[in-house]
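Heads up: the sequence shown is residues 1 to 206, going by UniProt numbering.
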Amino acid sequence: MNLYPTLQSHIEQAQALSISQERKAVLQVLIDYIQKKVDQDQVINLNYICTHNSRRSQFSQIWGKVAAEYHGIDINSFSGGVEVTAFNERAVASIKRFGFKVSKDGEGNPKYFVFYSDDADPIVTFSKVYDDATNAPTDFAAIMTCSHADENCPFIPGAEARIPVRYEDPKAFDDTDQEAIKYDERSLQIGSEMLYLFSKVKKIQK
């Protein structure tokens, strides 16, 4: 798979970031879940969940899919929230800066088609509730990317695992001179951690 050159350079940048032992311990729970699925030759469905499904969960869905492809792990990557808003335009601008090619369909809560290679289908993403019909209804890991969703959704129907992997919200910097920097910083962190965790999954030799 040939990644777009700008994206490839940002992946190399993400891989060079240091991840603390504390964060590695958080990620290990998700690594173990994915490894068990690989070992049992089962479909891997990951649903990244945040309150509005507008920033962190969208970054996670996109980077999760790309990182899995990069390391040769076959997954289905989804995202959702507890209410519908829209994929925030600031977050969309950030992924464009990272080298993803993006097309938009509709207004209000548009669908975005996020391309990372001419050799792969785009990632289709838009704001939706976690149990939207486009997401896996059962046998998925609910990955809680924000504290609000984690604390206010004590039960996720259909999830076989619930794994908190929380990130700080770049929304705090909206309309400031730090906005683009902080969105890119959060995206790069998520990319770094997704690349790290999929690098730790051992594929079965067939």
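No residue lacks a Cβ here, since even glycine has one placed at the ideal position from N, Cα and C.
As the structure is a prediction and not an experimental result, all values here were calculated from the model.
* In three-state terms, what does DSSP make of residue 242? -> What the structure shows of the chain is the stretch from 1 to 206, and residue 242 is not part of that stretch, so it cannot be assessed.
* To do: Tell me whether the beta-carbon of Ser57 lies closer than 8 Å to the beta-carbon of Val84.
  => no
* Asked: For the alpha helix (DSSP H) that Arg186 lies in, which residues bound it at each end?
  -> 179-199
* To do: Quick one: grab the DSSP three-state call for Val124.
  => strand
* Let me know if Asn124 comes out buried or exposed under the rule of 16 or more other beta-carbons within 10 Å of its beta-carbon. => Per the sequence shown, the amino acid found at residue 124 is Val instead of Asn. Exposed.
* To do: Please check the pair Leu7 and Tyr112, which I expect to be a contact at CB under 8 Å, by giving their CB distance rounded to whole angstroms.
  => The distance from the Cβ of Leu7 to that of Tyr112 is about 16 Å, inconsistent with a contact at the 8 Å cut-off.
* Asked: Run through DSSP, which three-state label would Lys202 get?
  -> coil
* Asked: Where does Leu30 fall in DSSP's three states?
  -> helix
* **Reduced DSSP secondary structure (H/G/I, E/B, other) of Ala133** => coil
* To do: Would you tell me roughly how many angstroms separate the C-alpha atoms of Ser94 and Ser77, rounded to the nearest one?
  => 19 Å
* To do: Could you check the C-alpha separation between Ile34 and Ala141 for me, to the nearest Å?
  => 9 Å
* To do: Could you pull out every residue in the same chain whose Cβ sits closer than 7 Å to the Cβ of Pro157, ignoring the five residues on either side in sequence?
  => Asp131
* Three-state class that DSSP yields for Tyr48 in the structure shown -> Reduced to three states, the DSSP call for Tyr48 is strand.
* To do: Out of Ser187, Ile49, Glu193, state which residue places its alpha-carbon closest to the alpha-carbon of Arg97.
  => Ser187
* Output the boundary residues of the beta strand (DSSP E) element that contains Ala141. => 140-144
* To do: On a CA-only basis, which of Phe59, Val129, Asp74 is nearest Val38? Give me that one, please.
  => Val38 has its Cα closest to that of Asp74, out of Phe59, Val129, Asp74.
* To do: Give the secondary structure of Ser147 by DSSP, where H, G and I count as helix, E and B as strand, and everything else as coil.
  => helix
* Can you grab the Cα-Cα spacing for the pair Arg162 / Cys50, in whole Å? => In this model, Arg162 and Cys50 are separated by some 13 Å (Cα to Cα).
* Asked: Taking just the CA atoms, how far does Arg55 sit from His71?
  -> 24 Å
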